[in-house]
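To keep things clear, I will list the structure first and then write my remarks on it.
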Amino acid sequence: MSHTHPPTCAQMDALLSRLDLGELDAEEQRQVEAHLGGCPSCRETRAQYARLSEATAALLTPPLGAERADAIFARIAQRRQPLAEAEALPEILTMDEVATLLRVSLDELEAELEHLPVFEFAGQLRMRRSQLFRWIEAREKRAHLRLMAADAGR
Ligand SMILES: [Zn+2]
Numbered sequence: 001m002s003h004t005h006p007p008t009c010a011q012m013d014a015l016l017s018r019l020d021l022g023e024l025d026a027e028e029q030r031q032v033e034a035h036l037g038g039c040p041s042c043r044e045t046r047a048q049y050a051r052l053s054e055a056t057a058a059l060l061t062p063p064l065g066a067e068r069a070d071a072i073f074a075r076i077a078q079r080r081q082p083l084a085e086a087e088a089l090p091e092i093l094t095m096d097e098v099a100t101l102l103r104v105s106l107d108e109l110e111a112e113l114e115h116l117p118v119f120e121f122a123g124q125l126r127m128r129r130s131q132l133f134r135w136i137e138a139r140e141k142r143a144h145l146r147l148m149a150a151d152a153g154r
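Take the sequence shown: its position 110, counted from the start at 1, is 110 in the numbering used here, and no numbers get skipped.
The following block contains the structure:
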C-alpha cells in the first residue's frame with residue numbers, strides 16, 4: 001500500500017479484533033498505535049478485546065481441573081458484563097459483527113449458522129446481541145459441565 005488514509009473508528013474495530021491474533025502487518029500496527037494515541041473510545045475497545053483474548057487464552061490452557069475451571073468462569077462472568085453493555089454494540093448485529101465478536105471468520109461462522117440464534121429480515125441474516133450473549137452463556141455452561149464430568153472421571 002503506497003497511499004493510505006488513517007483508519008476511522010469503525011475500521012479500527014476490525015483492526016483491533018485482529019490485533020491479538022497477530023494478523024496485522026507493520027503498516028496496520030502503526031496506524032492502530034497512531035489512532036489509539038488520540039482516541040479514548042478505541043482504547044476502551046482495545047481493552048475489551050484484550051480482556052476477551054486473555055479469558056479465552058486462560059480457557060485454552062491445559063490442564064483444566066474443575067477448581068480451576070470454576071475460577072476461570074467466575075472471571076469471565078465478571079468480564080462479560082462490560083462487553084455486553086458496550087455502547088458501541090447495537091442490539092441488532094450483522095453477521096460481520098457476530099464474527100468479529102466471536103473472533104472467527106465469516107466462513108467459520110456460516111458453517112455454524114444452524115446452531116446460532118439468527119433471524120432473517122429483508123433477505124439479510126441478523127442476530128440480537130442479547131441472544132448472542134445468552135447463547136454464549138449456554139455454551140459456557142455446557143463446556144463447564146463437560147469439564148466437571150471429565151474431572152470426576154479421572
Ligand atoms: Zn477511534
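We put the CB at the ideal spot given by N, CA and C, even for glycine.
Predicted model only: the values in this text are computed from it and were never measured.
Please name the residue, chosen from Gln31, Ala55, Ile92, that lies closest to Arg75 on a Cα-to-Cα basis. With distances taken between CA atoms, Arg75 lies nearest to Ala55 out of Gln31, Ala55, Ile92.
Just list the beta strand (DSSP E) runs in the segment 1 to 31, keeping only unbroken ones of 3 residues or longer that don't cross its boundaries, in chain order. Listed in chain order, the beta strand (DSSP E) runs fully inside the segment 1 to 31 amount to none, counting runs of at least 3 residues.
Per DSSP, which one or two residues make a beta bridge with Leu93? Paired residue(s): Met127.
On the DSSP bridge assignment, give the partners of Val118 in chain order. DSSP lists Met127 as partners of Val118.
If we ignore side chains and look at the alpha-carbon of each, how far apart do Leu106 and Arg129 end up? So the two alpha carbons sit approximately 17 Å from each other.
Around the C-beta of Arg139, are 16 or more other C-beta atoms found within 10 angstroms, so that it is buried, or is it exposed? The Cβ neighbour count for Arg139, taken over all protein chains shown within 10 Å, is under 16; the residue is labelled exposed.
Under the assumption that Leu125 contacts Met95 (Cβ atoms under 8 Å), give the Cβ distance between them as a whole number of angstroms. For Leu125 against Met95, the beta-carbon gap comes to about 5 Å, under 8 Å, which counts as contact.
Using the Cβ count rule (16 or more neighbours within 10 Å means buried), how would you classify Ser17? Buried, since its Cβ has 16 or more Cβ neighbours within 10 Å.
Cβ neighbour criterion (16 or more within 10 Å) applied to Cys155: Because the chain here runs from 1 to 154, residue 155 falls outside it and cannot be looked at.
Is Val104 helix, strand or coil when you go by DSSP? Coil, per DSSP.
DSSP three-state call for Ala84: helix, strand or coil? With a pLDDT of 49 at Ala84, under the threshold of 50, the predicted position of this residue should be treated as unreliable, though the coordinate-derived value follows. Correct three-state label for Ala84: helix.
Contacting residues, own chain, Cβ-Cβ under 7 Å from Ala84 (five flanking each side not counted): Residue placement at Ala84 cannot be trusted, given a pLDDT of 49 that sits under 50; what the coordinates show is reported in the next sentence. Around Ala84, the same chain offers Phe133 as residues with beta carbons nearer than 7 Å, after the five sequence neighbours per side are excluded.
Just the Cα atoms here: how many angstroms apart are Leu89 and Val32? Near 20 Å, if we compare the C-alpha coordinates of Val32 and Leu89.
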